[in-house]
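Visitor: Protein sequences appear in the order of chains A and B. Per UniProt numbering, the first sequence starts with residue 1, numbered consecutively. Per UniProt numbering, the second sequence starts with residue 1, numbered consecutively.
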Amino acid sequence: MDKRAIFGGRLLPYALLLPQVLVTLVFFYWPASQAVWQSFLLQDAFGLATDFVWFDNYVDLFSRADYYRTMATTLAFSTAVTVASLSIALLLAAMADRQLRGGTVYRTLLIWPYAVAPAIAGVLWIFMFQPSLGVLARGLRGIGVDWNPLLNGTHAMTMVVLAAAWKQISYNFLFFLAGLQAIPKSVIEAAAIDGARPFRRFWTIIFPLLSPTAFFLLVVNIVYAFFETLGVIDTMTSGGPGKATETLVYRVFSDGRLGADLGGSAAQSVVLMIIVIALTAVQFRYVERKVTY
Amino acid sequence: MNRRALIAAASLIAMSAPAFAQTEIQWWHAMTGANNDVVVRLAEEFNSSQKDYKVVPTYKGSYADTMNAGIAAFRAGNAPHIMQVFEVGTATMMAATGAVKPVHVLMKEAGEPFDPKAYLPAITGYYSTAKGDMLSFPFNSSSMVMWYNKDAFKKAGLNADQPPKTWPELFEAGKKLKAAGFPNCGFTTAWTTWANIEQLSAWHNVPLSTKANGLDGFDTELKFNTPFHVRHLQSLVELQKDKTFDYSGRTNTGEARFTAGECPVMITSSAFYANIKANAKFEFAAAPMPYYADMKDAPQNSIIGGASLWVMGGKKPDEYKGIARFFSFLSDVDRQVKLHTESGYLPITRAAYDKTKASGFYQKNPALEVALIELTNKEPTDNSRGLRLGNMVQMRDMWAEEIEAALAGQKTPQAALDAAVQRGNQTLRQFERSVSR
């Protein structure tokens, strides 16, 4: 049965929509348009002199070879963070979605890390991985790995990916668990009676039924990896060594905030915004087709 | 509606205020812990010393945070009166003509007695024009010294009272220390670019960039890819291979390696003193930075680090009078002596240094004098007065990236320094473009 509210006039629905539209305009479109405008300007930090320079900031940006390297780093970083946090969370959720002694405690504990701010997560991990004092670093050195994230780019990348993914696992876990618990037990039992083994049950029944959740999390996690990992990277590596862990968003931050290059930084935000819009569009266009609601 | 509420609130405050009108002076700073206490105490002492002005200190986060907050406030039209800015922000601040009020102008207009010669040139030089006019008021200054673990020196059979004077001597000492139970680190430096590019250049009287390291103009060009600089980096790269030298990062986060006893020699800021004193469980001492004996002017003098107080533009004459009074208050000899001996900051006037010396303080605390000996070692030259490079914070990161690439063996030292210079020059031109219009 289709439930639908019918409005008498035209005014009321628009009036009801207005607050939401206003919020979106003020908090999204206004700042975004400011960034676009700023990206065409050349301005000193204090805003004492402003020149409209057309596409100079963009030309300058794309003439820098290291900008492409930053893009590649972002791609590797985001893929690693998304894959790691989604797969680990799914594994944990599948394990937790069973009759377990102390299951509630286990679930609660898994959700806790989400309450930790990214920068603090970074600090926690840096303590563990700090070459001279960190517990994990000592362990690694003990088994013969010359652990040195200060000079070894691969080590530094591993470290930030772990910290960034760890933080997101709880969030994903929460959604996966809720998704799993919403799957009717009868379907799974029917499959079991038909002789399907747990592994097969998971891939042919549970995972497709979970796909709306998985798709939602994919979008959220990619956005997270692109934008919200700034704090982790800033506290752990500051983009180093070299530029091994410099992502696009970290570069926006370092050029804009540390370098006071507002125009260049704004141009980068615009590029980043376009990338994320494109990525999300692609996901909705192609990935969502495979989703069963 | 907001404005009306503000006016109402303001009039309430005005009504409840005492009969005499006190002029408030907002002071934004970046000091934490014990240093924050120093700031608060200074403001309190000043406020109780007179009735006309009230200095209100506000903590605004890290140095970068404070500077950004001040810039944002200026753009919104409500900048503080005094803003503490780290030394590397100097070029950005001085380029903001109109946004800031140079200290020498402030003092003159306020009619406050002010003798620029009373200050230590190695400190004020960093914050003055090429002609010697003071732009910002030095607040917390430090320099770079070599801290060493005396117990470790004894263990390695080295003379703990005769620390290495030159870099080659330090390299040898590092090898002995490494063999004597410090396998991961014979010696190290914090603030890698400050130590291995900036101080290295000044200490050997070689230019880091043209135009007196930028003091004479924003059209300065970096020059630190000379054979001398390359040789130094080459030595570090060689020693990094077996960890006689071990890299400790771009800032001072690696300093804990010294206090934890992992690295027996740490070249870093003289302001590290309070931290070591509180945390080190071994005997320690400070010595001047090492030098290369074949460089004819070495050792020259070191340059400072730390922060200064900038006065923001567009305030009322009465407020400027108050700020000038406050700066005179800060320059007072006894106050400087007290600040220096209690906090470990360097004194900014010659009289304060002489008085501390005469009191015999340094006999008991020799480590605190090392930075002053370095700074006053010789009359500063164009190469050792200071640095004034735009976008310096970001540039330091660029240089550090290249040093890291060299230490990791991805680039030769020459290629790394060439790239650091080239990328730095690109940034300098960008800064020049944005300010000189």
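Yeah, the Cβ is synthetic: ideal placement off N, Cα and C, and Gly gets one too.
1. Distance, Cα to Cα, B/Gly217 vs A/Ile169?
2. Need the endpoints of the beta strand (DSSP E) that B/Trp28 sits in, please.
3. List the endpoints of the continuous beta strand (DSSP E) containing B/Val56.
4. Give every residue of the same chain whose Cβ lies closer than 8 Å to the Cβ of B/Lys243, excluding the five residues on either side of it in the sequence, and list them in chain order.
5. How about A/Gln181 and A/Asp97: are their beta carbons less than 8 Å apart?
6. If distances are taken between C-alpha atoms only, which option among B/Val38, B/Glu24, B/Thr23 comes closest to B/Ala30?
7. For B/Tyr247, decide whether its Cβ has a neighbour in chain A, counting only Cβ atoms nearer than 8 Å.
8. Step through the CB atoms of chain A and report whether any lies within less than 8 Å of the CB of B/Met1.
9. Please classify A/Ala196: does DSSP put it in a helix, a strand, or coil?
10. Just to confirm the assignment, what range does the beta strand (DSSP E) spanning B/Ser308 have?
11. How is B/Trp147 classed by DSSP in three states: helix, strand or coil?
12. Does any residue of chain B have a CB that is nearer than 8 Å to the CB of A/Ser254?
13. In whole angstroms, give me the CA-to-CA distance for A/Phe27 and A/Leu17.
14. I want to see whether chain B comes within less than 8 Å of A/Arg257, judged by CB atoms only; does it?
15. Skipping 5 residues on each side, what residues in its chain have a beta carbon closer than 7 Å to that of B/Thr166?
16. Below 8 Å on the Cβ atoms is my guess for B/Ile348 versus B/Ser141; work out the distance and round it to an integer in Å.
17. Write down every uninterrupted run of the alpha helix (DSSP H) in the segment 145-199 of chain A whose length is 4 residues or greater and which is fully enclosed by it, in chain order.
18. I want to verify the contact list: residues of chain B whose CB lies under 8 Å from the CB of A/Lys243, in sequence order.
19. Within the same chain, show all residues whose beta-carbon is closer than 7 Å to that of A/Leu151, passing over the 5 residues directly before and after it, in chain order.
20. Is A/Leu151 close to chain B, meaning its C-beta is less than 8 Å from at least one C-beta of that chain?
21. Below 8 Å between beta carbons is the criterion; list the residues of the segment 31-51 of chain A that meet it against any residue of chain B, in chain order.
22. Can you find a CB in chain B that lies within less than 8 Å of the CB of A/Leu218?
23. Which of helix, strand or coil does DSSP assign to B/Lys101?
24. So is A/Leu133 in contact with chain B if we call contact Cβ pairs under 8 Å?
25. With burial defined as no fewer than 16 other Cβ atoms inside 10 Å of the residue's Cβ, what is the status of B/Ile13: buried or exposed?
26. Tell me B/Met134's beta-bridge partners as DSSP assigns them.
27. Indicate whether the contact test is met: 3 or more Cβ pairs, each with one atom in the segment 260-277 of chain B and one in the segment 140-156 of chain B, closer than 8 Å.
28. Can you name, in chain order, every residue of its own chain whose Cβ lies under 6 Å from the Cβ of B/Arg231, other than the five neighbours on each side?
29. Residues of chain B with CB closer than 7 Å to the CB of A/Ala260, please, in chain order.
30. Taking only three categories from DSSP, how would you classify A/Gln34?
31. For B/Pro18 and B/Asp52, I'd like the C-alpha separation in whole angstroms.
32. Would you mind sorting B/Met15 into buried or exposed? The rule is 16 or more other CB atoms within 10 Å of its CB.
33. Can you give me the C-alpha to C-alpha distance between A/Gln20 and A/Val287, rounded to a whole angstrom?
34. With 16 other CB atoms within 10 Å as the buried threshold, where does B/Trp191 fall?
35. Please return the same chain residues whose Cβ sits closer than 8 Å to the Cβ of B/Met1, not counting the five positions on each side in sequence.
36. In terms of DSSP beta bridges, what is B/Ser245 paired with?
Guide: Let me lay it out:
1. Here residue 217 of chain B corresponds to residue number 217 of the second sequence, with the count starting at 1. Here residue 169 of chain A corresponds to residue number 169 of the first sequence, with the count starting at 1. Distance between the alpha carbons of B/Gly217 and A/Ile169 is about 52 Å.
2. As a first step, residue 28 of chain B must be located in the second sequence, where it is residue number 28. Looking at the DSSP string, the run of the beta strand (DSSP E) that includes B/Trp28 is 23-29.
3. In the second sequence, counting from the first residue as 1, residue 56 of chain B sits at position 56. Looking at the DSSP string, the run of the beta strand (DSSP E) that includes B/Val56 is 53-59.
4. For the purposes of this step, residue 243 of chain B is identified with residue 243 of the second sequence, where counting begins at 1. Lys178, Pro183, Asn184, Cys185, Gly186, listed in sequence order.
5. On the first sequence, position 181 is the one that residue 181 of chain A refers to. On the first sequence, position 97 is the one that residue 97 of chain A refers to. Yes, the pair counts as a contact, with Cβ atoms nearer than the cut-off.
6. As a first step, residue 30 of chain B is located in the second sequence; it is residue number 30 there, counting from the start. Residue B/Val38 is the option with its Cα nearest to B/Ala30.
7. Working through the second sequence from its first residue, we reach residue 247 of chain B at position 247. Yes - at least one Cβ of chain A is within 8 Å of the one on B/Tyr247.
8. As a position in the second sequence, residue 1 of chain B is number 1, starting the count at 1. Below a pLDDT of 50, predicted positions are generally treated as unreliable, and B/Met1, at 43, falls in that range; no measurement from the model is reported.
9. Position 196 of the first sequence, counting from 1, holds the residue named residue 196 of chain A. Of the three classes helix, strand and coil, the one that applies to A/Ala196 here is coil, per DSSP.
10. Taking the first residue of the second sequence as position 1, residue 308 of chain B is located at position 308. Unbroken beta strand (DSSP E) run through B/Ser308: 305-312.
11. Within the second sequence, residue 147 of chain B is the residue found at index 147, counting from 1. Note: B/Trp147 maps to strand in three-state DSSP.
12. Mapped onto the first sequence, residue 254 of chain A falls at position 254. Yes, contact with chain B.
13. Locating residue 27 of chain A in the first sequence gives position 27, counting from the first residue. Locating residue 17 of chain A in the first sequence gives position 17, counting from the first residue. In a straight line, the C-alpha of A/Phe27 is about 16 Å away from that of A/Leu17.
14. By 1-based counting over the first sequence, the position of residue 257 of chain A is 257. It does; some Cβ of chain B falls within 8 Å.
15. Taking the second sequence and counting its residues from 1, the one referred to as residue 166 of chain B is at position 166. Pro290, Tyr291, Tyr292, Ala293.
16. The residue labelled residue 348 of chain B in the question sits at position 348 within the second sequence. The residue labelled residue 141 of chain B in the question sits at position 141 within the second sequence. Their Cβ separation, rounded to whole angstroms, is 7 Å, which keeps B/Ile348 and B/Ser141 in contact under 8 Å.
17. 153-181, 185-193
18. As a first step, residue 243 of chain A is located in the first sequence; it is residue number 243 there, counting from the start. Ordered by position in chain B, the residues that pass the 8 Å Cβ test against A/Lys243 are Glu401.
19. For this step, residue 151 of chain A is matched to residue 151 along the first sequence. The answer, listed in chain order, is Pro241.
20. Here residue 151 of chain A refers to the residue found at position 151 of the first sequence. Closer than 8 Å to some Cβ of chain B, the Cβ of A/Leu151 qualifies, so yes.
21. Leu42, Gln43, Asp44, Ala45, Phe46, Gly47, Leu48, Ala49, Asp51
22. Against the first sequence, residue 218 of chain A aligns to sequence position 218. No, its Cβ sits nowhere closer than 8 Å to a Cβ of chain B.
23. Here the question's residue 101 of chain B lines up with position 101 in the second sequence. Three-state DSSP puts B/Lys101 in a strand.
24. On the first sequence, position 133 is the one that residue 133 of chain A refers to. Yes, A/Leu133 counts as interfacial toward chain B.
25. The sequence position of residue 13 of chain B within the second sequence is 13, counting from 1. In this prediction, B/Ile13 scores a pLDDT of 49, lower than 50, which makes its location untrustworthy; the coordinate-derived value is nonetheless stated afterwards. It is exposed - the Cβ of B/Ile13 has fewer than 16 other Cβ atoms within 10 Å.
26. The residue labelled residue 134 of chain B in the question sits at position 134 within the second sequence. According to DSSP, B/Met134 bridges with B/Ser128.
27. yes
28. Along the second sequence, one-based indexing puts residue 231 of chain B at 231. If we look at B/Arg231 and ignore the five residues flanking it on each side, it has no Cβ neighbours.
29. As a position in the first sequence, residue 260 of chain A is number 260, starting the count at 1. Near A/Ala260 (Cβ distances below 7 Å), the residues of chain B are Thr92, Asn391.
30. Taking the first sequence and counting its residues from 1, the one referred to as residue 34 of chain A is at position 34. In the structure shown, A/Gln34 sits in a helix (DSSP, three-state: H, G or I).
31. For the purposes of this step, residue 18 of chain B is taken as the residue at position 18 of the second sequence. For the purposes of this step, residue 52 of chain B is taken as the residue at position 52 of the second sequence. Legend: pLDDT at B/Pro18 = 47, less than 50; position of this residue unreliable, value from coordinates given subsequently. Taking the straight line from one Cα to the other gives about 12 Å.
32. For the purposes of this step, residue 15 of chain B is identified with residue 15 of the second sequence, where counting begins at 1. Low local confidence applies: a pLDDT of 47 at B/Met15 is under 50, so the model's placement there is unreliable, and no value is given.
33. Here residue 20 of chain A refers to the residue found at position 20 when the first sequence is read from its first residue. Here residue 287 of chain A refers to the residue found at position 287 when the first sequence is read from its first residue. Using only the alpha carbons, I get a separation of about 28 Å.
34. Here residue 191 of chain B corresponds to residue number 191 of the second sequence, with the count starting at 1. That one is buried.
35. On the second sequence, position 1 is the one that residue 1 of chain B refers to. Any reading at B/Met1 must be qualified, since the residue scores a pLDDT of 43, below 50, and its modelled position is unreliable; the value itself is stated next. There are no such residues.
36. Walking along the second sequence from the start, residue 245 of chain B turns up at place 245. For the sequence presented, residue 245 of chain B should be read as Phe rather than Ser. B/Phe187, per the DSSP bridge assignment.
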